[in-house]
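Engineer: Below is the structure I would like to discuss, written out as structure tokens.
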Amino acid sequence: MNIIQCYAPTNDYNENVKDQFYDKPQSIVEKCQTKDLTILMGDFNAKVGTDNTGYEDIIGRHGLGERNEN
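Encoded structure:
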């Protein structure tokens, strides 16, 4: 079992910093054996809002405000 804990930069950071962050967990997950259970958890500083158009199977309409790009 692999547990990966991370904390994402907020939406105030520039795009380069956010892209670098998301590359790190991706590279770690790719190193995990596919037969192992891998859990990626943490605070991704995302605001999902109430508009779940296109994501109905993934997120509900339980957020507040508007979705950010994080």
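Numbering-wise, this note's numbering puts 44 at position 30 of the sequence shown, and it's gapless, one number per residue.
Even for Gly, the Cβ is constructed at its ideal location relative to N, Cα and C.
Apart from the five residues on each side of it in sequence, which residues of its chain come closer than 7 Å, Cβ to Cβ, to residue 79?
Structural biologist: In the sequence shown, the residue the question calls residue 79 occupies position 65. So the list reads 61, 63, once near-sequence residues are dropped.
Engineer: Please tell me whether residue 39 and residue 31 are closer than 9 Å, where the distance is taken between their beta carbons.
Structural biologist: The residue given as residue 39 occupies position 25 in the sequence shown. The residue given as residue 31 occupies position 17 in the sequence shown. No, the pair does not count as a contact, with Cβ atoms beyond the cut-off.
Engineer: From the DSSP output, in three-state form, read off residue 72 for me.
Structural biologist: What you label residue 72 is simply residue 58 of the sequence shown in a count that begins at 1. Of the three classes helix, strand and coil, the one that applies to residue 72 here is coil, per DSSP.
Engineer: Which of helix, strand or coil does DSSP assign to residue 47?
Structural biologist: Position 33 of the sequence shown, counted from the first residue, corresponds to residue 47. Residue 47: coil per DSSP, three-state reduction.
Engineer: Go ahead and pull the three-state DSSP assignment for residue 26.
Structural biologist: Here residue 26 corresponds to residue number 12 of the sequence shown, with the count starting at 1. Residue 26 falls in the coil class under three-state DSSP.
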